[in-house]
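So the protein sequences, as listed, match chains D and W.
All residue numbers for the first sequence refer to the numbering used here, where the first residue is 37 and numbers rise by one.
All residue numbers for the second sequence refer to the numbering used here, where the first residue is 1122 and numbers rise by one.
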Amino acid sequence: MGMNMTEKILAKHAGLESVRPGQLITCKLDMVLANDVTAPPSIKEFEKIGRPVFDRTKIALVPDHFTPNKDIKTAELTKTVRDFARKYDIVHYFEIGRVGIEHVILLEKGIVAPGMLTIGADSHTCTYGAVNGFSTGVGTTDLAVALATGEAWFKVPETIKVQLTGKKPGNINGKDVILTLIGMIGVDGALYKALEFAGEGVAELSMTDRFTISNMAIEAGGKNGIFPFDEKTKAYVEGRVTKAYEAVEPDVDAAYCRTVEINLSELRPVVAFPHLPGNTKRVEDIGEIRIDQVVIGSCTNGRIEDLEIAASIIKGHKIHPQVRCIVIPGSQQVYLEAMKEGLLEIFITAGAAVSTPTCGPCLGGYMGILGAGERCVSTTNRNFRGRMGHVDSEVYLAGPHVAAASAVLGKIATPEEVG
Amino acid sequence: MKLEGKVWRYGDNIDTDVIIPARYLNSFDPAELATHCMEDIDTSFAKNVKAGDIMVGGRNFGCGSSREHAPVAIKAAGIPVIIAANFARIFYRNGINIGLPLLEIGSDVEKIKADDTLRVDASTGTIENLSTGDVFRAHPLPGFVQDIARAGGLINYIKEKK
Ligand code: SF4
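Structural data, given as structure tokens:
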């Protein structure tokens, strides 16, 4: 029996010929990631082990959640990360002014690559499946041990194959695909499992679409969400990834525990209602839902293509008078490109706020906290109760197209309604 | 390890944002986290929980963020074991790694109600509901995961192996 992509990467890093679902293995890690929330407790645990870091070139420390620091406590957290980075001369440490959201910059800078095995003390570490890597989120203790040993244990997951068919309509993007999938299989539909994307529909998806889709594998409970390597992947990683890498493809007789099919041509713009990412509905079916805020950004949809989509809809319009629209580029590079392309001008003249790169409102950290009863359409990935502020506030998840249209019309809307 | 305590009962998909909201993630002091544990869905928990009480959830307990602050907050609140139908993957790892036993009992969990009293043997996975007389068996932990649990968490386990 052959292996699928996840099994191939795990086997290789465990030094084994092959692995089977359920097997417990220990793997060598190519990259170990933490942020300003998870690195400080990891560092504390790491110090208990009493060893130096395993490899200063294979650690990425990205203070993105509360950056620039929102208060004294977060300043102390970032300082812990900074001091550690200096002490061990960590190569991939990002200071304010150079930092962006971890899952945007690790890809953008080619720090993660096809075939690589990455763990991160952040649940959205699964994003790197988009470039044909295996990557998954862990907690602070796993991270601490990884910093010291460069290894982690895994249970080889079963894999769900997501067969993508059909042509993708122009007004559909990665967010519609992944929210539709989570709506179909549920927020625990891929619990303990890998998602593997396949089929001729993959070629229809831009790299940005794939980043959004892999990013939200965790919202279906998944361990990772991996895409095959193709011309688009190659074009993306070329010029970014400097190390040698080895892409993987599934064997023809690879095993899957289940196959789910999504016909891209049948997709419509969707939105996930509070308080679960699986409460997916077609925007055209929901009636009028007035909103107070729109957030465009995050590791899910904070890339240049996302901002281009949003700007193309907002251009020539004003943000609705009852709506606060906050646009957050995912990295300094995205910010700069948005400036050069004139997107920032479109947002600002329309009456939107544009922020320096940060996670900020995505996790209810700062920069756009919701009050009681307020509704927000957000391009982020979680709409749990209280995620963006007051427990009685509501978050509706959508792609940049629906978010932008909603910002203009003051209600959850499709881009077509903006006209 | 034998434990006996009163049940705090929660439903399906209890996420890490309600276990410990992000507004408190500027600290990782367990005692401070414990004072805010579950407050967005249950304001009485942090105030009234007694050391030794047992938390029981439904499906996909601990879904969402990788924040280890979540199991840490529950443990620091005095809960020595969590029982659920099943757990979200990262939360499960984190529980094991910090030495907080997590027992999965599938749909049997529906037979446990708020304020029931349970007797739990975390090492064998046997759960007795003293209020109803029901007895449940949790799925056993795989081999070296048991070793991690026995060592009191992953850090101790790694130190022992060194
Ligand atoms: S943007 Fe949101 S989901 Fe992504 S890493 Fe930051 S807080 Fe987490």
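Heads up, the beta-carbon is just placed ideally off N, CA and C, and yes, glycines get one too.
Owing to the predicted nature of the structure, the values given are computational and were not obtained by experimental measurement.
Range covered by the beta strand (DSSP E) that runs through S171/D: F170 to G173
Whose Cβ in chain D lies nearer than 7 Å to the Cβ of A1143/W? Neighbours of A1143/W on chain D, chain order: L399, G400 and G401.
Three-pair Cβ contact test at 8 Å for the region 117 to 131 of chain D versus the region 38 to 54 of chain D: no
Could you tell me which of G1173/W, N1169/W and A1155/W sits nearest to R1240/W, measuring between CA atoms? It is G1173/W whose Cα lies nearest to the Cα of R1240/W.
Do the region 329 to 337 of chain D and the region 356 to 363 of chain D meet, that is, are 3 or more Cβ pairs less than 8 Å apart? Three or more beta-carbon pairs drawn from the region 329 to 337 of chain D and the region 356 to 363 of chain D are found closer than 8 Å, and the two stretches are therefore classed as touching.
Would you tell me roughly how many angstroms separate the C-alpha atoms of L241/D and R1130/W, rounded to the nearest one? 43 Å
Is the beta carbon of V1128/W closer than 8 Å to that of I1175/W? yes
According to DSSP, Y432/D sits in a beta bridge with which residue or residues? V413/D
Between the region 1208 to 1226 of chain W and chain D, which residues of the former have CB atoms less than 7 Å from a CB of the latter, in chain order? Closer than 7 Å at the C-beta level to chain D, one finds these residues of the region 1208 to 1226 of chain W: A1209, R1210, I1211, R1214, N1215, N1218 and I1219.
Show which residues of chain D have a CB atom less than 7 Å away from the CB atom of V1139/W. F420, R421 and G422
Could you confirm whether any beta carbon from chain D is found closer than 8 Å to the beta carbon of R1180/W? yes
Under the criterion of a Cβ to heavy atom distance below 7 Å, does L399/D qualify as lining the ligand SF4? yes
So with Cβ pairs under 8 Å, would you call D107/D a contact of chain W? yes
With a Cβ-Cβ cutoff of 8 Å, do I384/D and P397/D count as a contact? no
Within the present structure, is the beta-carbon of S391/D separated from the nearest heavy atom of the ligand SF4 by less than 7 Å? no
Using the Cα positions of P76/D and E112/D, report the straight-line distance between them to the nearest angstrom. 9 Å
Neighbourhood of H1157/W by C-beta distance below 8 Å, restricted to the same chain and skipping five residues each side: I1141, P1142, Y1145, A1167 and A1194
Straight-line CA distance for G275/D to D1242/W? It is roughly 56 Å from the alpha-carbon of G275/D to the alpha-carbon of D1242/W.
Proximity test, I137/D beta-carbon vs the ligand PLP heavy atom, cut-off 7 Å: You won't find the ligand PLP in this model; what it holds is the ligand SF4.
Under a Cβ-count criterion, where at least 16 other Cβ atoms within 10 Å of its own Cβ denotes burial, should A443/D be classed as buried or exposed? Answer is buried; the Cβ neighbour count reaches 16.
Under a Cβ-count criterion, where at least 16 other Cβ atoms within 10 Å of its own Cβ denotes burial, should T1253/W be classed as buried or exposed? exposed
Would you say the beta carbon of T114/D is closer than 7 Å to some non-hydrogen atom of the ligand SF4? no
E81/D: contacting residues in chain W (beta-carbon distance under 8 Å): I1276
Reference H170/D; option with closest CA among N260/D, R294/D and V307/D: Note on residue identity: the sequence assigns Phe, not His, to residue 170/D. Per the Cα distances, N260/D.
For E344/D and L380/D, which I take to be in contact (beta-carbon distance under 8 Å), what is that distance rounded to the nearest angstrom? That belief does not hold up - the Cβ atoms of E344/D and L380/D are roughly 12 Å apart, past 8 Å.
Per DSSP, I1203/W forms a beta bridge with which residues? M1176/W and L1223/W
Grab me the residues of Y292/D's own chain with a C-beta within less than 6 Å of its C-beta, minus the 5 sequence neighbours each way, in chain order. T195 and K197
I believe Y164/D touches L142/D by the beta-carbon criterion, under 8 Å. Please report the beta-carbon distance rounded to the nearest angstrom. 7 Å
Could you run through the region 145 to 158 of chain D and flag, in chain order, every residue whose CB is less than 7 Å away from some CB of chain W? A157 and D158
Quick one: residues in its chain with C-beta nearer than 7 Å to the C-beta of A1286/W, no 5 flanking neighbours on either side, listed in chain order? This structure cannot settle anything about residue 1286/W, because the visible part of chain W is limited to 1122 through 1283.
Anything in chain D within Cβ reach of F1265/W, meaning under 8 Å, just list it in chain order. At a beta-carbon threshold of 8 Å, the residues of chain D lying near F1265/W are L60 and W189, ordered along the chain.
Under 8 Å between the Cβ atoms of F1212/W and T1137/W? yes
Residues that D1311/W bridges to, as DSSP identifies them: Chain W is shown from 1122 up to 1283; residue 1311/W falls before or after that span and cannot be answered.
Could you check whether the Cβ of S1186/W sits closer than 8 Å to any Cβ belonging to chain D? yes
I'd like to know whether the C-beta of D1161/W is nearer than 8 Å to at least one C-beta of chain D. yes
Among all the DSSP beta bridges, which residues are the ones paired with E83/D? Beta-bridge pairing links E83/D to no other residue.
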